[in-house]
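S.K.:
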Amino acid sequence: MADVLSILSSHYSQASLNTGSSTPYKNVDPKSYEGTWEGKYSNTKAFKFTISQINGFRAQVKYESAGTVKYQSVLIKDGAFRIGDSKFTLGAANKASIKTVITDPVTSQTSLVTGNAVRDT
149 MADVLSILSS HYSQASLNTG SSTPYKNVDP KSYEGTWEGK YSNTKAFKFT ISQINGFRAQ
209 VKYESAGTVK YQSVLIKDGA FRIGDSKFTL GAANKASIKT VITDPVTSQT SLVTGNAVRD
269 T
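Heads up: the sequence shown at position 112 corresponds to 260 in our numbering, and the numbers run straight through without jumps.
1. Going by other Cβ atoms of all chains shown within 10 Å of its Cβ, with 16 needed for buried, is V176 buried or exposed?
2. Looking at the unbroken beta strand (DSSP E) that takes in K235, where does it start and where does it end?
3. Which residue wins for smallest C-alpha separation from F195, given the options K179, K218, K174?
4. Quick one: grab the DSSP three-state call for K179.
5. Express the C-alpha separation of T248 and S259 in angstroms, rounding to a whole number.
6. Return the chain-ordered list of same chain residues with a C-beta closer than 8 Å to the C-beta of S180, the five sequence neighbours on each side being excluded.
7. Keeping to the same chain, check which residues put their C-beta closer than 7 Å to that of A214; ignore five residues upstream and five downstream.
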């Protein structure tokens with residue numbers, strides 16, 4: 149029994165934890181994010197992000213896609229934020245990349261769909 153515990157403890161200490169980004173939250177330029185962003189995923193489904201009320205690094209976001217509507221307060225860090233199963237990453241000049249994990253309700257398998265968003269001007 150002691151051998152099993154020593155093996156487990158040695159491997160447990162070697163496992164790394166996902167600590168995420170070590171950079172602190174910083175205030176963002178509201179003009180870079182505010183507005184309505186629209187695009188299509190790789191599976192041709194349309195999506196829309198509406199970003200408003202930016203204060204420092206916080207914002208209010210509405211996400212719409214395929215009948216799903218989500219509202220969430222988000223924290224913006226390193227040019228990106230998450231809302232539900234989606235990640236919004238700001239790109240250059242009114243463009244952003246979107247990644248969303250979709251779970252099949254029948255098989256419970258997950259897949260990643262990506263898309264590019266353009267801000268309405």
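Don't be surprised by glycine CBs; every beta carbon is placed ideally from N, CA and C.
M.R.: So, to answer that:
1. buried
2. 234–238
3. The candidate whose alpha carbon is nearest that of F195 is K218.
4. helix
5. 8 Å
6. L238
7. K193
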